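Chains as they are written, first to last, in my numbering: chain A, 1 to 431; chain B, 1001 to 1367.
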């Protein structure tokens, strides 16, 4: 039995209603843990005063410079003593999950046992960077708790100016839209940078995210310094049986309004079967005995919409890989930045292909480490130095797919124009 | 040299050596059907909300049942979910980016009993397709060192209101929500996001600055160069040009004595139209459509009223497959404000760098 509960009139109101309540969960643990009794008191104090009361500090595990998020209470009495002494230290351990966040129950139960023993028992699945967040541990118990997770084969995630824990979608394990082996890429890339992940020494954080197709379920374009988004180069595949089944169920109105009209590049047309073009870049599939969908793959931008709507009837191609985008991040400090294309297509099939991805990551991180200012993300660095300087620094060829439009102002010295043209022509001639 | 000094320490006293093992291989944690059909799936459908049915090129099938969780879970809750996975599924689970849990089963007949057990145990089944999925969120007062508000509590109050929409697939397209306890926006881009918006410059504890803050770093963090070093009461400190200050809070993380959080003046803003998918239009960033909402713990009714109103308007007015951004793209911003009744104030006209791109450089106007 734990000590008596603090009154928590505000938190109590978060126990009603149908959605699962984290307060009810905390209260259950508080029945036999003084630690959680005081965490509830601490949180209720925040609810009453509408302010936070944790400050950071320095807590870590042997050999690593990050991964523990230290928290010390700032709710003190007149003598400087913690008002909630059992929750005076409330650190978080960031532990990296398996790619795709898959678990067996034995592993989750072991996590629970360890965290019940050493920590508060509160686990967030998962944090916004993709870590398992083991929330609430004292400084003293930090090392033994980490040792127990490490013994299971799990390792610390990133924090501070370092390579951060990554995320990848369910991908090839369960999704027909997967365009590469996301889990393999995720693991291979991240495990190359463990030194940069565990010992923060970069100008600022660096995030990789892996999405298997342009639906980008990992939100990589907006949230990562290097986004690896699956795509394909060849034609959309079709399946007549599934197309006819879809059409029989949904009909012409939905086909026109929800599929054809929503194609962003008008690459889809409905035609009489006899009129469908026969060309290498045309995909087509019969919808009934007389009509067919015709897709001009040269116009298709691989947005995924028609494939999302008519799953199976339409599918990604087989010449698969990824588009690589660099520099995504949220506002602070220069405003929101999307990742932008630096590699329009990188094939991801063979071991060498995956090694090429790792090498590109290495080059980008090296360049970032040498050229970014303190607290500057890749996107801000590129904004400051210009994309061309960045590309030259990491040895990538420019490509018209990297821009939404060419330059809109004359403020550039084009003295080297002829040389550039000569280089492009020489390359064309050599190809 | 003393030989004893170099002798290895007894094994018991040696600290355990960390194995720098990195991201674990996920293969041992995959459902057997996932291993058997890895990279070979053909299509999927959704037999009912909360259930995905995937079929592979070999004809193999797997059913996934998705349920909502509170994300910050006590170990009893996780053990309960494990019991359900062992007794009603096949011992394997995974989590989505929005903290939903997924249970995989090999046969269709396992689906109904699994759903019944989940719902009996208080876990709503849903979050698939055109539903409102769980809010992606942050740590808030529970654990963050710079939070303007709580996260789990806001999310609990929102999801209580949106519970039925989580369990149904009745929205025009999927709806992603996020909440963030400061303007860093760790909750991320979403169709609708709730984010703290401070409205007063930081209150500086001048006695602390010199001891706690690296002053040049703090000066460099300010996006509008409003902070400068100053001597206050004879102590080296910092001062803020309050006319320039945009109240973003960027100075607070590197310098906690620059207290930006305020029980009254840290307000909540609502943002709409973020979309990370490339489907149809290119990905979009969200836009601010409301601000000045009170940080009204424990249930934030004013925030819920605005979010609920936007969602109801979108549901009633958008066409199939229109995400919130697609819908606004069609109807235009003036009608978005008209239909939702939200006031379009001068603060919603962007004046940050690159902002002229957000002005209407055309005569395209819907009358």
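For glycine and all other residues, C-beta sits at the position ideal for the given N, C-alpha and C. Since we're looking at a predicted model, the values are computed, not measured.
| query | result |
| --- | --- |
| Against chain A: residues of the segment 1079-1093 of chain B by CB proximity under 7 Å | 1079, 1082, 1085, 1086, 1091, 1092 and 1093 |
| Inter-residue spacing [alpha-carbon to alpha-carbon] between residue 1168 of chain B and residue 1049 of chain B | 6 Å |
| Residue 1001 of chain B burial status per 10 Å Cβ neighbour count (16 or more: buried) | Caution is warranted here: a pLDDT of 42 is assigned to residue 1001 of chain B, below 50, making its placement in the model unreliable, and the coordinate value is therefore given only provisionally. So residue 1001 of chain B ends up on the exposed side. |
| Among B:1045, B:1130 and B:1072, the one whose alpha carbon lies nearest that of residue 126 of chain A | B:1072 |
| Environment of residue 412 of chain A [buried if 16+ CB atoms lie within 10 Å] | exposed |
| Residue span of the alpha helix (DSSP H) that contains residue 94 of chain A, given as start and end | That residue, residue 94 of chain A, is in no alpha helix (DSSP H); its beta strand (DSSP E) goes 92-95. |
| Contact check, residue 332 of chain A vs residue 1184 of chain B, beta carbons under 8 Å | yes |
| Chain B contact for residue 96 of chain A (CB, 8 Å cutoff) | yes |
| Boundaries of the beta strand (DSSP E) in which residue 969 of chain B is found, first to last residue | Only positions 1001 to 1367 of chain B appear in the structure, and residue 969 of chain B is not among them; the question remains open. |
| N-terminal and C-terminal residue of the beta strand (DSSP E) that residue 269 of chain A is part of | 268-272 |
| First through last residue of the alpha helix (DSSP H) which encompasses residue 290 of chain A | Counting along the chain, residue 290 of chain A falls outside any alpha helix (DSSP H), and DSSP gives it neither H nor E. |
| Pair within 8 Å by beta-carbon distance, residue 1238 of chain B and residue 1209 of chain B | yes |
| Strand pairing of residue 119 of chain A, partner residues [DSSP] | A:137 |
| 8 Å Cβ cutoff met for residue 1287 of chain B and residue 1306 of chain B | no |
| Range covered by the alpha helix (DSSP H) that runs through residue 360 of chain A | 351-371 |
| Secondary structure, beta strand (DSSP E): runs of 3+ residues fully inside the segment 296-339 of chain A | 320-326 |
| Residue 226 of chain A - containing beta strand (DSSP E), residue span | 226-232 |
| Neighbour list for residue 1163 of chain B in chain A, Cβ cutoff strictly below 8 Å | 17, 18 and 19 |
| Residue 1206 of chain B to residue 306 of chain A span [Cα, whole Å] | 59 Å |
| Selection from A:346, A:298, A:287 and A:414 that minimises the alpha carbon distance to residue 321 of chain A | A:346 |
| Between the CA atoms of residue 1322 of chain B and residue 1170 of chain B - distance to the nearest angstrom | 12 Å |
| Min CB distance residue 71 of chain A to chain B below 8 Å | yes |
| Neighbour list for residue 92 of chain A in chain B, Cβ cutoff strictly below 7 Å | 1143 |
| Residues near residue 44 of chain A in its chain [Cβ-Cβ closer than 8 Å; skip 5 each side] | 6, 7, 8, 9, 10 and 11 |
| Euclidean distance between Cα positions of residue 1326 of chain B and residue 1362 of chain B | 20 Å |
| Chain A contact residues for residue 1044 of chain B, given Cβ-Cβ distances below 7 Å | 176 and 311 |
| CB contact check: residue 104 of chain A to chain B, cutoff 8 Å | yes |
| Closer than 8 Å to chain B by CB, residue 222 of chain A | yes |
| Residue(s) in a DSSP beta bridge with residue 46 of chain A | The partner list for residue 46 of chain A (beta bridge, DSSP) is empty, contrary to what the question assumes. |
| Cα-Cα separation between residue 1256 of chain B and residue 154 of chain A, rounded to whole angstroms | 33 Å |
| Proximity test, Cβ basis, 8 Å: residue 1364 of chain B and chain A | no |
| Contacts that residue 1038 of chain B makes with chain A (C-beta to C-beta distance below 7 Å) | 172 and 173 |
| Length of the line joining the Cα atoms of residue 417 of chain A and residue 1234 of chain B | 59 Å |
| Residue 1128 of chain B beta carbon less than 8 Å from that of residue 1140 of chain B | no |
| Anticipated Cβ contact below 8 Å, residue 129 of chain A with residue 165 of chain A, distance rounded | 5 Å |
| Test: residue 46 of chain A CB closer than 8 Å to a CB of chain B | yes |
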